[in-house]
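Counting in my numbering, the sequence shown runs from 2 upward without gaps. Reviewing the structure listed below.
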Amino acid sequence: MRNLLFSTMILALLSAPVSGATILVRPDGTGDQPTIQTAVMASTAGDTILLAGGTFTGPGNRDISISGMNLYIFSESDDYNSCILELGGFQGLNFSSTSSALSIVRGISFRDGSATQGGGIYADISWLQIENCRFDMNSASGHGGGIYVSNGTYTVEDCALTDNYGRYGGGLYFAGGSLTVNRCDFTGNTSETGAGLYLYTASSITVRECVIADNSADNFGGGIYNNTPGTYVFSCTLVQNSANSGGGGIYNYSSGFIGIDHTIIALSMTGGSYGGTAQIYTIACCDFFGNAGGDWNSPINGYFGINNNVSMDPMFCAEYNPSDPWTLDSNSPVFTASCGVMGAKDYAGCGVVGTEEESWGAIKKMHRQ
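Below is the structure:
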């Protein structure tokens, strides 16, 4: 236990800002700077911009440009329900031309943003982490309704992306570099292609412990559209997604290579569980069940019945626990001795968790205690 606590402390220190001033911004303009943009303009590399609770609106609190330096932009509460950027049809944050040092955005909601690329956040920089944030009803006429990130190293974790639209990538669009997505919830996003996530020309991508549900693509990839080698999907739940032309759950395009492990793809409305090419690293310990258009059709039919892959009702708790519908009944067949747990939910039981809105990371933490 002491070693675990010591390791946790070291990781916290390594991930925290190590220098720089803190600039407080309040929604009513009475902080150290009147708006988020003026706080950025008053900052130097490594500073922290701290957002007080409330709803930020109007000029200076939208179309916020960060260029040429790394910053830490945090909510004071670390609760995205308490710190909201109401964007009113403008973009949220735009990161460009920063240094190689890490920037972090944490604990903020981005609502009703709009841009050609990245309605909530646009980033074309070296290194960015987006943590415990929410993206609601943002849109992009091109790429990435909620988030657009490219040509760098990115981590998106414990975030919720809901009801966003992008022509390519309703929730998130990524191109170039490496991306890690941990414990995120992609729900109700729409697009022409890649309604949940659109993944393109990257060196490495990991999507882990995510719920990807009720997303809809006009063409391909209701849950995930992959057009890059080096993509791995671990311990995710993809459910009730749709794609009219194929890949209700996942669509793998001709340049893509993908591995799928400990993942549930269920109840796709159209497009089947998987579509596209057979360029697959592995499919193991997966349950593909009840997908309109097929569960283990070509080109993945050879994986059914091997590597502990099954097609069995995962027994979701939606009827009994609508506030957290993709938890699993304790009798679910996806709890197996050989594989452990399939899907994003690593706990079982259909007891009501509660109706208070929580981030996906907070819900998982509660059930691990």
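For glycine and all other residues, C-beta sits at the position ideal for the given N, C-alpha and C.
Mapping DSSP to helix, strand and coil, what is residue i?
i	result
E359	Model confidence at E359 stands at a pLDDT of 46, short of 50, so the residue's coordinates are unreliable and nothing is read from them.
A40	helix
N95	strand
Y81	coil
T191	strand
G303	helix
N71	coil
E158	strand
G276	strand
G55	strand
G153	strand
S339	coil
N62	coil
T328	coil
Just the Cα atoms here: how many angstroms apart are residue i and residue j?
i	j	result
T283	D296	16 Å
A218	S274	14 Å
I259	I281	5 Å
S16	L103	Note on S16: pLDDT 48, under 50, position unreliable in the model; the coordinate value appears next. Cα to Cα, S16 sits roughly 9 Å from L103.
T271	T191	14 Å
V234	T36	39 Å
A161	F136	6 Å
G177	S333	38 Å
L51	S255	44 Å
With DSSP as the reference, identify every bridge partner of residue i, one or two as the case may be.
i	result
I284	I261
C211	Note: C211 sits in no beta bridge, so no partner.
Q118	H144
S104	L129
R27	DSSP output for R27 lists no bridge partner at all.
R112	E87, D137
T271	S243
N253	N227, G277
T49	T23, Y73
Assuming residue i and residue j make a contact with CB atoms under 8 Å, what is their CB distance in whole Å?
i	j	result
G249	S236	That pair is no contact at about 20 Å.
G119	I148	6 Å
N152	D125	5 Å
Y199	Y155	Incorrect: roughly 14 Å between the Cβ atoms, too far for contact.
P315	A345	11 Å between Cβ atoms; not a contact.
State yes or no: is the beta carbon of residue i nearer than 9 Å to at least one beta carbon in chain B?
i	result
F235	The structure shown contains no chain B, having only a single protein chain.
Using 9 Å as the threshold, is the C-beta distance between residue i and residue j below it?
i	j	result
Q130	G114	no
Y81	T49	no
T229	I206	yes
T45	G21	yes
R112	H144	no
S97	S140	no
T238	G257	no
E77	T58	no
E158	T181	yes
Y252	G276	yes
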